[in-house]
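Right, one structure below, let's go through it.
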Amino acid sequence: MYDFPIEYEEPVFRPPSEGRSFLLQVTIGCSHNLCTYCNMYRSKKYRERSFEEIKAELLRTQQYFQRLNYTPSKVFLCDGDALGASTELLVQCLDLINELFPSVMRVGIYATAENMLQKSEEDLMLLASKKLTIAYLGMESGADSVLHMIVKGNTASDMIRGTSRLRKCGIKLSVIAMLGVGGREKSEEHVRETAKLISDISPEFFSFLTTVAVKGTPFKTMVDRGRIDMLTTKELTTEMRDVLKNITPSQGRIIFRANHVSNQYPLGGILPNDQASLIETLNEWIEATPAGVYPETPEHML
Ligand code: SF4
Numbered sequence: 001m002y003d004f005p006i007e008y009e010e011p012v013f014r015p016p017s018e019g020r021s022f023l024l025q026v027t028i029g030c031s032h033n034l035c036t037y038c039n040m041y042r043s044k045k046y047r048e049r050s051f052e053e054i055k056a057e058l059l060r061t062q063q064y065f066q067r068l069n070y071t072p073s074k075v076f077l078c079d080g081d082a083l084g085a086s087t088e089l090l091v092q093c094l095d096l097i098n099e100l101f102p103s104v105m106r107v108g109i110y111a112t113a114e115n116m117l118q119k120s121e122e123d124l125m126l127l128a129s130k131k132l133t134i135a136y137l138g139m140e141s142g143a144d145s146v147l148h149m150i151v152k153g154n155t156a157s158d159m160i161r162g163t164s165r166l167r168k169c170g171i172k173l174s175v176i177a178m179l180g181v182g183g184r185e186k187s188e189e190h191v192r193e194t195a196k197l198i199s200d201i202s203p204e205f206f207s208f209l210t211t212v213a214v215k216g217t218p219f220k221t222m223v224d225r226g227r228i229d230m231l232t233t234k235e236l237t238t239e240m241r242d243v244l245k246n247i248t249p250s251q252g253r254i255i256f257r258a259n260h261v262s263n264q265y266p267l268g269g270i271l272p273n274d275q276a277s278l279i280e281t282l283n284e285w286i287e288a289t290p291a292g293v294y295p296e297t298p299e300h301m302l
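Sequential numbering of the sequence shown, starting at 1, is according to the numbering used here.
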């Protein structure tokens, strides 16, 4: 067997739906790196990689795949907000990916609202024409007060402007919201504004993950000091139900998934078609869940 030819600068993350994609780091870390609950890239100093470095990796990977007789169909560009890389670097990478791996149908990327707003429509259209056709946005909440509390670095209105620019240029959106991120105090506002923002954006894909107070993060410090009250499993499931109940897509259909490792139960469907049955399932779960029980934190996050 041959060794995989890339030594990633760990840790490396990708969305669940990119599990079979070839991962390529075009940036290292996250240019924002301040969200209070996030420890994904705290060990890394943000930088854009050089094209020479990336090119050498792509050429080695092409040889590796050829030896295995493997043809990749999806590529995911890492790290945390790779859309923040210069358009020049992204174009060079996409051109080489398309040349070396003509079987690739789609390239995905993590993006912040700021990344989206920093790119011109011409830039985004150029990237989309080179198969960069899906971006993943960690929206977390639609409530500005929650976004401010977690130092997200953007507002709901920034996300509306950024995502509509992306969609206009032919890039699909997968948006992720966080259950429980506002704690008990802001739960109602979080639910109301998140449903509203999802309705306004109406992304092609929408999913939830559950907020975990990860060791070493400012969020955990706030929880430990009693500044944020974490939600019980029953309350988290209620938040999920209430967000779903209040979504009215402003355009098209939304494919909904809650299949992240942090979620208690896997769930999925299409909005608005499956809204009633999803809510019914969630009502049953809420009914069956005892009060006062908190979700178990995955061991690697403690
Ligand atoms: S933008 Fe994303 S990767 Fe960066 S700190 Fe916030 S949650 Fe973490």
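In this text, a Cβ means the ideal position worked out from N, Cα and C, and glycines have one as well.
- In this model, Arg227 and Val146 are separated by some 13 angstroms (Cα to Cα).
- In the structure shown, Lys119 falls within a coil segment according to DSSP collapsed to helix, strand and coil.
- When secondary structure is reduced to three states using DSSP, Thr71 falls in the coil class, being assigned neither helix nor strand.
- For Thr112, the three-state secondary structure derived from DSSP is coil.
- By the Cβ neighbour-count rule, Met105 is exposed, with fewer than 16 other Cβ atoms within 10 Å of its own.
- Taking non-hydrogen atoms of the ligand SF4 into account, the C-beta of Cys78 is found less than 8 angstroms away from none of them.
- Between the ligand SF4 and Asp158, a heavy atom-to-CB distance of less than 8 angstroms is absent.
- Judged by DSSP in its simplified three-state form, Gly138 adopts strand.
- Between the C-alpha atoms of Leu83 and Val175 there is a straight-line separation of about 15 angstroms.
- Linking Ser202 to Lys196 through their CA atoms gives a straight-line distance of about 10 angstroms.
- If you draw a 10 Å sphere on the C-beta of His148, you find fewer than 16 other C-beta atoms in it, and that means exposed.
- Inclusion of Ser141 and Val181 in the CB contact set at 9 angstroms is warranted, their separation being smaller than that value.
- Take the alpha-carbon of Glu88 and the one of Ala177: they are about 31 angstroms apart.
- Distance from the CA of Thr71 to the CA of Leu96, rounded to the nearest whole angstrom, comes to 15 angstroms.
- Beta-bridge pairing by DSSP links Leu126 to no other residue.
- Residue environment: Asp224 is assigned as exposed (fewer than 16 neighbouring CB atoms within 10 Å of its CB, all protein chains considered).
- Taken in chain order, the whole alpha helix (DSSP H) runs of length 4 or more contained in the region 125-201 are 144-149, 156-168 and 187-201.
- Per DSSP, reduced to three states, the secondary structure at Gln25 is strand.
- Between Thr281 and the set Arg253, Thr238, Ser250 and Lys74, the nearest pair of CA atoms involves Thr238.
- As a beta-bridge residue in DSSP terms, Leu209 pairs with Met178.
- Inclusion of Asn33 in the 8 angstroms shell around the ligand SF4 follows from its C-beta lying nearer than that to a non-hydrogen atom of the ligand.
- In this structure, Ile109 sits near Tyr136, with a CB-CB distance shorter than 9 angstroms.
- Our two residues, Glu185 and Arg257, have alpha carbons roughly 26 angstroms apart in a direct line.
- Beyond the five residues adjoining it in sequence on each side, Pro218 comes within less than 6 angstroms, by CB distance, of Thr36 in the same chain, given in chain order.
- With a beta-carbon spacing of about 13 angstroms, Gly216 and Asn33 fall beyond the 8 angstroms limit used to define contacts.
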